[in-house]
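**Student:** So in our numbering, the last spot in the sequence shown is 144, and the numbers never skip.
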Amino acid sequence: MGGQVGVLISSSGIVVVVVAVEEVVVVVKVVVVVVVVVVVVVVVVVVVVVVKVVVVVVVVVVVVVVVVVVVIVVVVVVVVLVEVVVVVSIVLVVVVVVVVVVVVVTVVLVLAVAVVMGIIVVAVVGVAVVVVCPHTYKIHTWHL
Numbered sequence: 001m002g003g004q005v006g007v008l009i010s011s012s013g014i015v016v017v018v019v020a021v022e023e024v025v026v027v028v029k030v031v032v033v034v035v036v037v038v039v040v041v042v043v044v045v046v047v048v049v050v051v052k053v054v055v056v057v058v059v060v061v062v063v064v065v066v067v068v069v070v071v072i073v074v075v076v077v078v079v080v081l082v083e084v085v086v087v088v089s090i091v092l093v094v095v096v097v098v099v100v101v102v103v104v105v106t107v108v109l110v111l112a113v114a115v116v117m118g119i120i121v122v123a124v125v126g127v128a129v130v131v132v133c134p135h136t137y138k139i140h141t142w143h144l
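1) Please check the pair T161 and V57, which I expect to be a contact at CB under 8 Å, by giving their CB distance rounded to whole angstroms.
2) Do V113 and V50 come within 8 Å of each other at the CB atom, strictly closer than that value?
3) Answer yes or no: do V99 and V62 have a C-beta to C-beta separation smaller than 8 Å?
4) Thinking C-alpha only, which one of V102, V43, V101 is nearest I119?
5) Given a cut-off of 8 Å on the beta-carbon distance, is the pair A128 and V32 in contact?
6) Among K29, L109, V73, which residue has its Cα nearest to the Cα of V55?
7) Please identify the residue among V47, V28, V30, K29 whose C-alpha is closest to the C-alpha of V116.
8) Using a 10 Å radius around the Cβ and a threshold of 16 neighbouring Cβ atoms, would you call V36 buried or exposed?
9) Within a Cβ cutoff of 7 Å, which residues of the same chain sit near G126, ignoring the five residues on either side of it in sequence?
10) Establish whether the CB of V107 and some CB of chain D are separated by less than 8 Å.
11) Among V76, V102, V101, which residue has its Cα nearest to the Cα of I90?
Next comes the structure, spelled out in structure tokens:
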């Protein structure tokens, strides 16, 4: 940090100020690191929860699809006996549309959450790196 030369030439009052400023910088860096760790942990927890929700949604979709297939088979058997092909076509189209909509909505939600979490992590880590390592980014705001 800047101020090392000041320590050698300055009077005792300025030495105390320089040491205090460096201690504040260290404390700020520690606080930033702790905040980054907390944010990363929160993001990981949120991602885990989202994954669990997605798994539940997928299981529900699979169960719905199985039930719909069973219903379709029953309807097909009945329709074959009755020979009403139009009803089967309508039922199949409705089922396919519902399944496609559920899958697309689930994928879009998962991707949206992933993008938002990625942006948060990149922003927090970027700010932390700049604060913890100011020399790397030519930022000298800590040199009071």
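Note that the Cβ used here is the ideal one computed from N, Cα and C, for glycine as well.
**Tutor:** With the structure as the only source:
1) As shown, the chain starts at 1 and ends at 144. That puts residue 161 outside it, with no answer to give.
2) yes
3) no
4) V43
5) yes
6) L109
7) V47
8) buried
9) none
10) Considering every chain present, this structure includes no chain D. It has just one protein chain.
11) V76
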